[in-house]
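Below you'll find the structure, written out as structure tokens, and then a few comments.
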Amino acid sequence: MPPLDWLRVFEAAGRLGGFSAAAREFGLTQAAVSQRIGNLEAWLGRALFVRGPRGVTLTVEGESYLPLVQESLSALARSTEDLFGTAPTELRVAGLASHIEALVMPRAAAFLAAHPGVRLMSDSAARRAGLDEERTWLQIRFGRGVWPGREALLIAPEILTPMAAPGLGWSAGIIDLRGERPGWRDWARLAGAMPEGQARLSVDSMGHALTAAEQGGGVVLGSLPLARAAMVEGRLCRLQAPEMATRDGYWLTWPTDRLTARRQRALVEGFHAALIREDL
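Residue numbers (full-length UniProt numbering): 1 to 280.
The structure is reproduced here in structure tokens:
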């Protein structure tokens with residue numbers, strides 16, 4: 001058997017598609033990853049990667065060897081956990097700052113009360129694309145629940161509805177939210193009429209749009225899951241208008257090969273149960 005360290009680095013490079021990505025996962029330099037894989041190739045007497053100016057790709061031998069290594073590492077991890085594992089003491093989750101604030105923080109106290117001895121940590125990503133490079137493997141993502149190589153549990157479907165600060169109505173004008181979510185024109189097809197007047201405020205973040213609405217900036221086509229705390233506390237109120245369901249949602253996700261340990265999976269499932277509780 002070649003050294004386990006070489007196999008783990010090879011598995012990461014093959015799974016992530018490059019030496020740089022594997023280096024980030026292990027906190028190594030790219031040179032250190034390249035050296036370990038070179039040592040493994042010399043030990044096996046076969047090339048596992050084709051090096052090119054634009055990166056690396058697995059050879060035929062590498063493609064055949066990768067699933068065998070992955071299966072062996074997963075089996076070793078499961079057996080070690082079952083025999084010697086202790087209860088996890090830390091759970092770390094990453095997501096957009098607005099998602100962490102709206103979906104995790106209101107439920108953090110209840111989760112920690114149900115799991116004494118566990119420390120909950122959050123990491124904020126500046127943009128959604130940054131989650132692909134985020135080292136924190138447990139993530140909250142917005143979309144349709146399908147990401148290659150990741151499992152996902154639905155936290156809440158995205159539902160949009162007009163809302164504004166208490167005492168304000170349509171006369172305050174509307175806030176325009178740019179991006180992939182359905183907008184006012186889509187809502188107008190459902191409601192049968194477009195809100196009067198032009199949007200004097202245009203933002204590119206639902207978090208910014210909700211904050212602007214709280215401050216009296218106008219009526220926002222707001223996300224019910226993200227605005228829940230603001231509505232409970234009376235900072236935002238729903239208008240008497242139709243709500244609009246979308247095809248997207250908020251999901252708790254992780255790499256498919258990550259939750260092989262029974263205790264770790266139970267902790268993540270407990271975290272998900274806390275996130276979807278309606279009484280929090």
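Glycine included, every Cβ here is placed at the ideal spot set by N, Cα and C.
Check: Counting Cβ pairs closer than 8 Å, one from the segment 253-269 and one from the segment 196-207, do we hit at least three?
Finding: no
Margin query: So, does the segment 73-85 touch the segment 35-44, judging by three or more C-beta pairs under 8 Å?
Written below: no
Next item on the list: Note down, in chain order, each residue of its chain lying with its Cβ closer than 7 Å to the Cβ of Gly169, except the 5 sequence neighbours on either side.
Entry: Leu239
Check: Who does Ile175 pair with in a DSSP beta bridge?
Finding: Leu201
Check: Exposed or buried, Gln215, counting other C-beta atoms within 10 Å across all chains shown (16 or more means buried)?
Finding: exposed
Checklist line | Span of the alpha helix (DSSP H), counted from its first residue to its last, around Val33 | finding: Gln30 to Leu44
Checklist line | Identity of the residues DSSP links to Tyr65 by a beta bridge | finding: Tyr65 pairs with nothing; no bridge assigned.
Note to self: Does the structure place the segment 94-105 close enough to the segment 58-74 that three or more beta carbon pairs sit under 8 Å?
What the structure shows: no
Notebook entry, point to check: Between the C-alpha atoms of Ala22 and Val50, what's the straight-line distance to the nearest angstrom?
Noted result: 16 Å
Item checked: Contact set for Arg135: own chain, Cβ-Cβ below 6 Å, skip 5 residues either direction -> none
Next item on the list: Have a look at Leu280 and Leu201 and give me their C-alpha separation to the nearest angstrom.
Entry: Only weak support is given to the placement of Leu280: the predicted model assigns it a pLDDT of 47, under 50, and the value that follows is read from those uncertain coordinates. When rounded, the distance between both Cα atoms is 32 Å.
Margin query: Give me the residue from Glu269, Ile276 and Glu278 with the minimum Cα distance to Leu91.
Written below: Glu269
Notebook entry, point to check: Which same chain residues, not among the five before or five after Ala212, have their C-beta less than 8 Å away from its C-beta?
Noted result: Ile175, Leu201, Val203, Gly218 and Val220
Check: At which residue ranges does the segment 131-160 contain complete beta strand (DSSP E) runs of 3 or more residues, listed in the order of the chain?
Finding: 139-143
Notebook entry, point to check: Nearest to Arg144 by alpha carbon, out of Arg262, Glu158, Leu138 and Ala109?
Noted result: Glu158
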